[in-house]
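Okay, structure first, notes after.
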Amino acid sequence: LRANENVNANGQMWAKAFNPTSARNMKENIKDIPFSALDKIMSLAIKQYNFRDDMYDLYQMRVNKPEEQTEPYTTKEIETYFGMIADDTDGIFTDKEKRAINLYNTVSILIAAFQQQYYEFISLKEQVKQNAEELHVVKEENKQLKEQITTLTNDVFTLKDVVRNLISEKPKQP
Numbered sequence: 001l002r003a004n005e006n007v008n009a010n011g012q013m014w015a016k017a018f019n020p021t022s023a024r025n026m027k028e029n030i031k032d033i034p035f036s037a038l039d040k041i042m043s044l045a046i047k048q049y050n051f052r053d054d055m056y057d058l059y060q061m062r063v064n065k066p067e068e069q070t071e072p073y074t075t076k077e078i079e080t081y082f083g084m085i086a087d088d089t090d091g092i093f094t095d096k097e098k099r100a101i102n103l104y105n106t107v108s109i110l111i112a113a114f115q116q117q118y119y120e121f122i123s124l125k126e127q128v129k130q131n132a133e134e135l136h137v138v139k140e141e142n143k144q145l146k147e148q149i150t151t152l153t154n155d156v157f158t159l160k161d162v163v164r165n166l167i168s169e170k171p172k173q174p
């Protein structure tokens, strides 16, 4: 199928690939994104929903239900979807009319958010490594200080014993 106009489908579509045009020679005004991709992704509200035409089919199933069937038809009989509601979603993720989600934009911003998280992770990983090294040094210093305290404490006890002995000794007569 090749089309120079919009193509609409009310059913499912299958394809080997969906390839949005992305060559540099077809683009102008190329810039880094001017916002936090992670903030944009975190602002998305993912909802569960059913399409109206599927709900209509469910109502028809209920109306035409055989009398011998005792169990009612429920939304379990139709497809349930998960995703964003275009009307309630930041325009950066939707088409201009806010009727559809622009998957290419969404995936691109998701990749940028992942990259942002990755760089923060690497930075935090380096900080943890540095903190671990500093902790090792502090523990080593702490160990040495404890050893010095033990030595000094022993020296104090020894000096106390010497002083006590000197005090309790009778002076020697010449």
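Reading the sequence shown from the start, the letters are residues 1 to 174 in the UniProt record's numbering. Don't be surprised by glycine CBs; every beta carbon is placed ideally from N, CA and C.
Our two residues, Asp32 and Thr70, have alpha carbons roughly 60 Å apart in a direct line. Between Gln127 and Leu38 the beta-carbon gap is near 19 Å, outside 8 Å, which marks them as no contact. Only residues of its own chain outside the window of five on either side were considered, and among them Leu58, Met61, Arg62 and Lys65 have a CB closer than 8 Å to the CB of Tyr73, listed in chain order. Its chain contains Ile109 as the residues whose beta carbon lies nearer than 6 Å to that of Lys40, once the 5 sequence neighbours on both sides are disregarded; these appear in chain order. Considering only Asp155, Leu103 and Arg164, the residue with the shortest C-alpha distance to Phe18 is Leu103. Close CB contacts of Thr106 within its chain, under the 6 Å cut and outside five residues either way in sequence, are with Phe93 (chain order). Assigned with DSSP and collapsed to three states, Phe18 falls in coil, not helix or strand. Taking the CA atoms as reference points, Tyr119 sits about 25 Å from Asp90. For Tyr49, the enclosing beta strand (DSSP E) covers residues Lys47 to Tyr49. Taken atom to atom, the span from the alpha-carbon of Lys125 to that of Ala132 is near 10 Å. Counting C-beta pairs closer than 8 Å gives fewer than three between the segment 45-53 and the segment 11-29, which falls short of the contact rule. Rounded to whole angstroms, the separation of the alpha carbons of Tyr81 and Arg2 is 28 Å. Taken atom to atom, the span from the alpha-carbon of Lys139 to that of Thr151 is near 18 Å.
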